[in-house]
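Novice: The numbering of the sequence shown is the UniProt record's numbering, which starts it at 1 and goes up by one.
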Amino acid sequence: MPACAAINCTSRQTRGCGKSFHRFPHGRPEILKKWVTNMRRDAFKPSSKAVLCSDHFEEYCFDRTGQTIRLRVDAVPTVFTFLWKTRRDRKPQISAPLLEDVEKFSIPPLSLPEKSSTPESADKRFTVEHDSADIRVTVEHDSPDKHVTVEHDYCITDSPKALKKKLDEALNSLHNVKRRLKITQQKFRKLKFKVQSLDLSDDPV
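Structure, rendered in structure tokens:
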């Protein structure tokens, strides 16, 4: 049962297959060379029994005048299907060290300490923590009733414009908290001064 010698062709000569099979023209070296070249099998040396099926020839290559389908003397096969993997088809490979570097990558917390040039800022701490999903702004004060936390959860699908708007709102809230803390500290200093004044007035002369 002869099989077609062309690459990626599975045709076999069986009864009722509807195809004709033709041997290589060993008696015509120039034509034989064209056959092998068109097959893209330069190192291929067809045997005397090797054949190609009719799928690889154009219609004008056949002589159908008799009962048997024959090839014309100068017929050359030109119809072939080649499946070659290109570089674009290859999947990129990621080395193990690169994967480890990606897994170890993280964004460290960012701390924004308040300037120590003013007296009222000595007992306050401002911290901004961020990760891939949210931003947290925390304002802490030594007084137990002056601990304020402002949280904003940002979805990673938000647009840059929306994220900037939310960040501006958070910074605005932080500014308001700082302003209220400053007012409270001023009141505290005034009360402390009054208490000290009363203590001095009670001392005997």
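The C-beta atom is built at its ideal place from N, Cα and C for all residues, glycine as well.
Apply the 10 Å Cβ neighbour rule to L171 and answer buried if 16 or more other Cβ atoms are within range, or exposed otherwise.
Specialist: L171 is exposed by the Cβ-count criterion.
Novice: Quick check: the Cα distance between V73 and G27, rounded to an integer number of angstroms?
Specialist: So the alpha carbons of these two residues sit roughly 11 Å apart.
Novice: Provide the residue(s) that pair with D199 in DSSP beta bridges, ordered along the chain.
Specialist: Paired residues: none, contrary to the question.
Novice: Are the CB atoms of P2 and W35 within a distance shorter than 7 Å?
Specialist: No, these two residues do not count as a Cβ contact at 7 Å.
Novice: Rounding to the nearest angstrom, what Cα-Cα distance links S54 and T10 in this structure?
Specialist: One C-alpha to the other measures close to 12 Å.
Novice: Quick one, which of V51, F188 and A5 has its alpha-carbon nearest F21's?
Specialist: The shortest C-alpha separation from F21 is found at V51.
Novice: What does the Cβ neighbour count give for H175, buried or exposed, with the cut at 16 atoms within 10 Å?
Specialist: Exposed is the call here.
Novice: Return the CA-CA distance between T37 and P25, expressed in angstroms with no decimal places.
Specialist: Cα to Cα, T37 sits roughly 13 Å from P25.
Novice: To which residues does DSSP link V36 through a beta bridge?
Specialist: In the DSSP output, where bridge partners are listed per residue, V36 has none listed.
Novice: Just checking my contact of F57 with V79 at CB under 8 Å: how many whole Å lie between their CB atoms?
Specialist: Indeed, because the Cβ distance is near 7 Å, the residues count as touching under 8 Å.
Novice: If contacts are defined as beta-carbon pairs under 8 Å, then F62 and I7 qualify, I think. What distance do you get, rounded to the angstrom?
Specialist: Not confirmed; about 22 Å, so no contact.
Novice: So, helix, strand or coil for C9, using DSSP?
Specialist: In the structure shown, C9 sits in coil (DSSP, three-state: anything other than H, G, I, E or B).
Novice: Below 8 Å on the Cβ atoms is my guess for A5 versus P46; work out the distance and round it to an integer in Å.
Specialist: Right, the Cβ-Cβ distance comes to about 6 Å (below 8 Å), so this counts as a contact.
Novice: In whole angstroms, what separates the C-alpha of D42 from that of K33?
Specialist: If you take the alpha carbons of D42 and K33, they lie about 9 Å apart.
Novice: Here's a check: name, in chain order, each residue in its chain whose Cβ is nearer than 8 Å to the Cβ of I183, leaving out the five neighbours to either side.
Specialist: Hits under 8 Å: none found.
Novice: Using three-state DSSP, classify D63 as helix, strand or coil.
Specialist: DSSP places D63 in strand when its eight states are reduced to three.
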